[in-house]
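For reference, the structure discussed in these notes is given below.
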Amino acid sequence: CPFAIVELPASPAEVGSVLTPAEVAALQASGANATGRAQLKDGDEVPDRTKMVAAKVAAASDASAALRANATFEQGKGAYHAKRYGEAEQLLVRAADVWTRALGAEHEKTLRAAHALALVLKKTGQVAKAEQLSRSTYVMRKKTLGEIHRDTLRSARDHSALLAETGRANEAAAVLRASYDAQKKRL
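Going by my numbering, the letters in the sequence shown line up with residues 1 to 187, in that order.
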């Protein structure tokens with residue numbers, strides 16, 4: 001690729017929130033065009049300051065995307081409750097992808113989207129995918145949130161229901177028993 005692309009945040013307010021006026025001017029001087037892209041020819045030396053500005057811009061873009069993913073997630077939940085499962089799947093995949101990139105795979109929001117997506121996959125008959133995602137979400141929530149966190153308990157409940165519906169009652173009972181025992185220890 002003959003050019004390196006540096007994305008700017010979507011709005012001037014976002015630019016102003018992470019960059020000083022001097023940094024904005026420096027980025028614009030580097031060749032940023034009206035679409036917010038700066039192009040550097042192959043072999044051009046990228047100044048350290050420009051690299052730092054680009055990193056700030058990328059962080060702002062990730063934060064902005066994470067905020068937009070909140071709305072996408074809520075739309076996905078709405079589509080699920082309205083029984084528009086295909087639409088829900090697309091929206092939840094998008095939210096999970098953005099949150100994974102912006103916040104990390106172990107973040108509470110990312111796990112919330114994965115949990116909701118597992119429920120959608122189950123409704124659309126993709127039981128194997130649903131079971132795999134449900135299990136990994138449950139395990140990750142236990143690790144990051146703890147065994148008695150409300151989201152972990154929700155994952156245990158839904159994962160065990162999925163196991164029971166697929167004829168694996170013993171596994172389902174084991175998941176529920178582990179959750180019950182963890183709560184009992186706390187009391």
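For glycine and all other residues, C-beta sits at the position ideal for the given N, C-alpha and C.
- Exclusion of the five residues before and after glutamate 147 leaves Ala182 as the residues of its chain whose Cβ lies within less than 6 angstroms of its Cβ.
- By the criterion of a C-beta distance shorter than 7 angstroms, alanine 65 is surrounded in its chain by Val98, Ala102, once the five residues flanking it on both sides are discounted.
- In this chain, the alpha helix (DSSP H) harbouring alanine 156 covers 150-165.
- Scanning Leu145, Ala114, Leu187, Arg186 for the CA closest to the CA of histidine 159 turns up Ala114.
- With respect to the C-alpha of leucine 119, the residue from Thr100, Lys185, Ala156 having the closest C-alpha is Ala156.
- For a cut-off of 8 angstroms, the C-beta gap from arginine 168 to threonine 152 is around 20 angstroms, too long to register as a contact.
- DSSP places threonine 100 within a helical segment (H, G or I) once states are collapsed to three.
- Exposure of lysine 143 is indicated by the presence of fewer than 16 other C-beta atoms within 10 angstroms of its C-beta.
- In this structure glutamate 74 is exposed. Its beta-carbon is surrounded by fewer than 16 other beta-carbon atoms within 10 angstroms.
- If you draw a straight line from the Cα of alanine 79 to the Cα of glutamate 89, it comes to about 9 angstroms.
- If you draw a straight line from the Cα of histidine 107 to the Cα of glycine 76, it is about 19 angstroms long.
- Your pair valine 127 and threonine 72 does not check out as a contact, with CB atoms roughly 25 angstroms apart and the cut at 8 angstroms.
- Here arginine 112 is buried, its C-beta having at least 16 other C-beta atoms within 10 Å.
- The Cβ atoms of serine 179 and leucine 162 do not sit closer than 7 angstroms to each other.
- Here the alpha carbons of lysine 184 and tyrosine 85 stand approximately 37 angstroms from one another.
- Closest in alpha carbon position to lysine 122, among Leu67, Ala69, Ala164, is Ala164.
- The Cβ atoms of threonine 124 and threonine 110 lie no closer than 7 angstroms to each other.
- DSSP places lysine 122 in the uninterrupted alpha helix (DSSP H) bounded by 108-123.
- Exposed is the label assigned to valine 139, since fewer than 16 other Cβ atoms lie within 10 Å of its Cβ.
- Around alanine 172, the same chain offers Ser160, Leu163, Ala164 as residues with beta carbons nearer than 6 angstroms, after the five sequence neighbours per side are excluded.
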